[in-house]
Amino acid sequence: MPDTPEKKEPVLLPDGGWRLWEQFALRGPGFPADGVLRIVPPGLALAADKFGEEDKLAGADWDEFAEEFEAAAVRTAVQLQGIAAQPRFQAAVAWQNRAVLDTGIASFLAWTPDKARSSMPRQREELVAHYWQRFCVKNDTIGFFGPVGWGRWDLSADGLSIDPGSTGFLSGSQVYFASWAIDALAKVLDADPAFRAWVPPRRVSFARFDGDQIAVPGRPAQDIPADARAVLELCDGTRPVPAIAAALGRESDDVVETVRFLVQKRWAHWRLEVPSATYPERELRAIIERVGDEPVKAAALAKLDALEAGRAAVAAAGQDAKALIAALTALENDFADITATEAQRAKGQRTAPCRALVYSDCTRAATATLGRAVLDELTPLQMCLTAARWMTNRFGAVIGARVREAYDTVLARRGSVDLASLWFECLPTPHAASIADMDAIQDELRAKWARILDVPSGPSRVRISSADIAAKVREEFGEPGAGWSLSRYFSPDLLVLAEDAEAVARGEFELVLGEMHCALNTMGASLFVHQHPERHLLAEETAQDFPTPRLLPMLPKELPLKWSARSRPSLDRPEDYYVAMVDHTTDPHRPRTVLSGDVAVEERGDKLVAVLPDGAEFDVLDAYANAMTHRVMDRFTLRPAADHSPRITIDRVVVARETWRVTASELDFTEEKSEAKRFVRARHWQNALELPRYVFAVSPTEPRPFYVDFDNPIYITILSKAIRRLARKDPAAKITFSEMLPNPEQAWLTDDEGQKYTSELRFVAVDQTAVESAAVEGS
C-alpha cells in the first residue's frame, strides 16, 4: 500500500481558537532600504540643530550654514540624477506614469545642478525623491518594484530564516491585461452585426418569471407574450440566436426581433460581455472560438492576436527601460488603431486603479520561514483578532436585522421574496444605514479597548502584559464567530523588529502589528494567487476553511480606488455557487451559476436563507458578504481618536505605533520660502513634538501615505507642499504622522546579493469557532 501523506500540524495561536494559514505573503519593495539613506546629506541635521528656536537665523554662523546647505543640496541633486538615470528606476517609473519620463525625468537629467537651483529643477528633484521613497520603503505589491514574496510556517524551526533564492531578485514575472482593455476590444467586435449574430443573449439577472408575467424589482409585473417567454427562457448567455431558433423551430430573423423586444423591455441583455477573470483575453478568445462564421471568427481573432503579441513584447522587455517604453508605446498604438479608444484612462473618482492597458505582477525570489519562537509570541495578535471578531459579529447582527426588516417589507408587499427584490430593497448595499452603523460600532470598539488598556495620558510608550488584560479581553470581546461567511477571515500584517534573522532565533526581537484587514482573505486575491508557485496549496487551505460549498455573489469588474482584476477573488472552487445580483460577470457556461431573480428567500426558524433553484440553501447574508466586508475591512483599531496616541506594546507585540494628528494650517514652517530656514524650523517643530526621525505621513489630499526623513531636506520640502495643499483645501483638516517601525536601518530581508529590504508578513487568520459552527450546520 502507498504511504499515507503525513498530516501537517496546524498552525494555531496560543488558545487554539485561531488557525493561521501555513502559507503567508512576504510583502516589500523592489529597491533596497538604504536607497533613501544614501541621499541624506551627512552632518547637515547636526549642523541645523545648533540653531535654537529663538535664533533669528541670520549672521555669520547662519551664512556659513546656508552655504553648507546649498552645497549639500547640489550634491543631493547629483545623487538624484544618478538614481533617475538607472534603467531599473526608469522602468519602474514607466510602469507608473510613462509620461513623467519625458516631461520630468529627461529634463532633470539634462540639467547641471548648481547653487542657483530654480523652481522647476527643484520640482523634478522632488519628483524623483517621491518615487524613490515609494520604491525603497513602501511595502507595496505591484510589479518588480513591489513583488509578491512568499513564506511558510515550520513549527519544527525556531525563529526566522531567509532563503534568498538562486534566480536573482525575481523568480517570476508576468504581464496581464487590464479588464477594461479587453472590454474595449469586445465593444468593437460587438458593434459588427455579423459578430453580434453569434453573441448569446441572456436574461437580466434580477428579472424573474411570475406566472404569465415578468417581474423586475421596483416596477409592476408585466405580461409577456408566450412566444417571447419561450425565447427568454432560453436566453441563458450560452445560446446564440441561431441555437435558440433551432431549439424552438423558428426562423432566426423572427427570434432576432423577439430578442430586440426583450432588450427594449429591459428583460434581457444582448451584448458581448467578457467574464471577469485574471486573464480576460482568454475568456474573450473562448467566446470568439464559439463563433460559427469562420471569416468573422478569423477577423476577430486577428485583432486579439495583435494585442496579445503587443503584450508579449512588453513582457519580453523586462526591466530594460528603453525596450519597455517602446513596447508599451507600440501596444498602445495598436490598441488605439483597433479600438479607436484612448490607451490610457483618465484618473478620476470613478476610475478603477488600473488605468493602463497592461500591468505587471512579479514574484520575489527570496522566501521566509517562521518557527515556534515567533508563534509563541502571538498572544497579543490573538487578542486583537478576538476584538475584531466582536466587531464583525456586531456588524453582522445589525445588518442582519436591517435585511430582516427589508424582507418583511417585501413579503408584505408581494407575499413572497426573491433575492433580487430583497437586494434592491436594501440599496445602497448592504444597507443605506450601514456606514452610520459601522461608525457606532467602531466607537464602541474604541471604548472597550480604552477600558481594557487604561492608557494614561502623556507618555509616548506604554507596555502591557497580556496576562494582566486577558480577563478584560474575554469579558469585553469573548464570543464565538457569528457573522457572515467572509467574516471568519482576517488578514493581519506583522512586521519583525530585529537586527537580522539570526536575532529572532536568539529571542532578540519584537513584532509590530500593521494593518488588520477584517472579514477578508487578501491572499485570495488574484495578484497573490497567480504569483504563488503552488496554487493548489492555497486551494487546500480554503477547503479547510469551507468544507462545504459556498454562495459567492458576482462582483463588478471594477470599482473606484481599489477594486480591479488584480484584487478579484481567485480561490473559487467547482462546488461553489455564483449568484448574479445585478452585475453578471462570471462565465454563463460555468455550472452552479444562478440569477438572483431565481433565488427564493425564506425563513428557517429565526434565520433567512437563500434557496437556490436546485434546492441548495445558504444564509442570506452570504449574498451580501462582499458589501459587508467593504464596510468593515479597515475599521479595526485600538487607538483612541486623539491628537496623540502612544506606542502600545503588549508583551513583544507593538499593537499600535505612536501617532500624532496636527492641524495643517498651524504648521508655519511650511510657508518658509528659504529651503535652509524651512529645514531648521521643521526640525524645531519635530523636536518640540518629539517626533522620531522617520515617520509616515497621511494626508486627506494625498493618494497614499508617504515617507518623511526629518534629516533630509528634500523630504521636508515634499511634506511642506503636501501640508500647504491640505491647508488650502481645508484649513481645519489634520495630517497624521505615524512612527516608522521598523525604520530603514532595521531591515532584515535580504536578496541573493545581501542587500536589505523593508518588509512585512501578511497572514491569513481563520476563526475556528466559525468554521466548526458552519461544519455542524452543513452536516
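Numbers in my numbering are just positions in the sequence shown, counted from 1, shifted up by 267. Here a beta-carbon is modelled for each residue, glycine too, at the ideal position from N, C-alpha and C. No experiment lies behind these values; they were computed from the predicted model shown.
Helix, strand or coil: which one does DSSP assign to residue i?
| i | result |
| --- | --- |
| PRO800 | coil |
| SER932 | helix |
| GLU276 | coil |
| HIS784 | strand |
| LEU875 | strand |
| ILE481 | strand |
| CYS651 | helix |
| GLU939 | coil |
| ALA1014 | coil |
| TYR891 | helix |
| TRP537 | coil |
| VAL868 | strand |
| PRO697 | coil |
| LEU1028 | strand |
| ARG617 | With a pLDDT of only 48 at ARG617, under the threshold of 50, the placement of this residue in the model should not be trusted; the figure read from the coordinates follows. Three-state result, ARG617: coil. |
| GLU969 | coil |
Taking C-alpha atoms, which residue in the options lies nearest to residue i?
| i | options | result |
| --- | --- | --- |
| ASP490 | GLY504, ARG475, ARG639, ASP503 | ARG475 |
| TYR844 | ALA890, TRP534, HIS799, LEU805 | ALA890 |
| LYS454 | ASN406, ALA510, THR608 | THR608 |
| ALA734 | LEU720, GLY725, LYS564, GLU746 | LEU720 |
| LEU304 | LEU678, ASN979, ARG992 | ASN979 |
| GLU1039 | ASP812, ARG680, ALA593, PRO309 | ASP812 |
| PHE973 | CYS403, GLY781, ALA1014 | CYS403 |
| TRP420 | PRO484, GLU1012, LEU279 | LEU279 |
| PHE1048 | LEU376, GLU320, LEU311 | Residue 1048 lies beyond the residue range present for the chain, which begins at 268 and ends at 1046; the question has no answer from this structure. |
| PRO800 | ASP322, TRP417, GLY585 | TRP417 |
| ASP706 | PRO542, ARG898, PRO697 | ARG898 |
| GLY745 | LEU804, HIS698, TRP657, ILE731 | TRP657 |
Out of curiosity, what's the CA-to-CA distance linking residue i and residue j?
| i | j | result |
| --- | --- | --- |
| THR618 | ARG470 | Caution is warranted here: a pLDDT of 48 is assigned to THR618, below 50, making its placement in the model unreliable, and the coordinate value is therefore given only provisionally. About 28 Å. |
| ARG728 | VAL722 | 10 Å |
| GLY284 | CYS651 | 13 Å |
| ILE554 | ARG463 | 12 Å |
| SER540 | LEU862 | Correcting the residue identity first, residue 540 is Glu in this sequence and not Ser. C-alpha separation (whole angstroms): 16 Å. |
| ALA497 | LEU515 | 8 Å |
| LEU936 | ASP997 | It is worth fixing the name first, because residue 936 is Phe in this sequence and not Leu. If I take the Cα positions, the gap works out to 18 Å. |
| ARG774 | VAL641 | Position check: residue 774 holds Gly in this sequence, whereas Arg was assumed. Taking the straight line joining both Cα atoms gives about 9 Å. |
| LEU324 | PHE318 | 7 Å |
| PRO562 | ALA579 | 25 Å |
| VAL415 | ALA923 | 25 Å |
| ALA943 | LEU422 | 53 Å |
| ALA1037 | THR646 | 19 Å |
| ASP760 | GLU524 | 56 Å |
| PRO855 | ARG517 | 24 Å |
| ILE605 | LEU452 | 8 Å |
| GLU550 | LEU571 | 11 Å |
| PHE776 | GLY426 | 10 Å |
| MET900 | LEU678 | 32 Å |
| ARG718 | ALA300 | 39 Å |
| GLU766 | ALA810 | 38 Å |
Give the C-beta separation of residue i and residue j to the nearest angstrom, bearing in mind that I take them to be a contact with Cβ-Cβ under 8 Å.
| i | j | result |
| --- | --- | --- |
| ALA339 | PRO380 | At roughly 11 Å, the Cβ-Cβ gap does not stay under 8 Å, so ALA339 and PRO380 are not in contact. |
| CYS629 | SER440 | 4 Å |
| VAL975 | ALA964 | 5 Å |
| VAL442 | ALA590 | Not quite, the Cβ-Cβ distance comes to about 13 Å (not below 8 Å), so this is no contact. |
| THR636 | ALA424 | 6 Å |
| TRP399 | PRO388 | TRP399 to PRO388, Cβ: 16 Å. No contact. |
| ARG833 | ALA792 | 7 Å |
| ILE306 | LEU347 | 7 Å |
| GLY864 | SER519 | So it is not a contact: roughly 27 Å between Cβ atoms. |
| LEU879 | VAL887 | That belief does not hold up - the Cβ atoms of LEU879 and VAL887 are roughly 12 Å apart, past 8 Å. |
| ALA588 | ALA358 | 4 Å |
| THR408 | LEU794 | 6 Å |
Can you find a heavy atom of the ligand SAH that lies under 7 Å from the Cβ of residue i?
| i | result |
| --- | --- |
| TRP716 | No copy of the ligand SAH appears in this structure; indeed no ligand is present at all. |
Quiz item: Touch check for the segment 281-295 and the segment 1020-1040: three-plus C-beta pairs under 8 Å?
Solution: Output reads yes: the segment 1020-1040 touches the segment 281-295.
Exercise. Inspect the CB distances between the segment 682-701 and the segment 894-903 and report whether three or more fall short of 8 Å.
Key: yes
Exercise. Check whether the segment 391-403 touches the segment 814-822, counting contact only when three or more Cβ pairs, one atom from each stretch, lie closer than 8 Å.
Key: Below 8 Å, too few C-beta pairs join the segment 391-403 and the segment 814-822 to call them touching: fewer than three.
Quiz item: Do the segment 904-912 and the segment 921-941 meet, that is, are 3 or more Cβ pairs less than 8 Å apart?
Solution: yes
Quiz item: Would the segment 849-856 and the segment 769-783 be scored as touching if the rule is three or more Cβ pairs under 8 Å?
Solution: At 8 Å Cβ cutoff, the stretches do not touch.
Practice problem: Check whether the segment 555-562 touches the segment 417-434, taking contact to mean three or more Cβ pairs, one atom from each stretch, closer than 8 Å. | Solution: no
Quiz item: Are at least three pairs of beta-carbons, each pair with one atom in the segment 990-1004 and one in the segment 706-721, less than 8 Å apart?
Solution: no
Practice problem: Examine the Cβ distances between the segment 444-451 and the segment 654-674 and report whether three or more of them are shorter than 8 Å. | Solution: no
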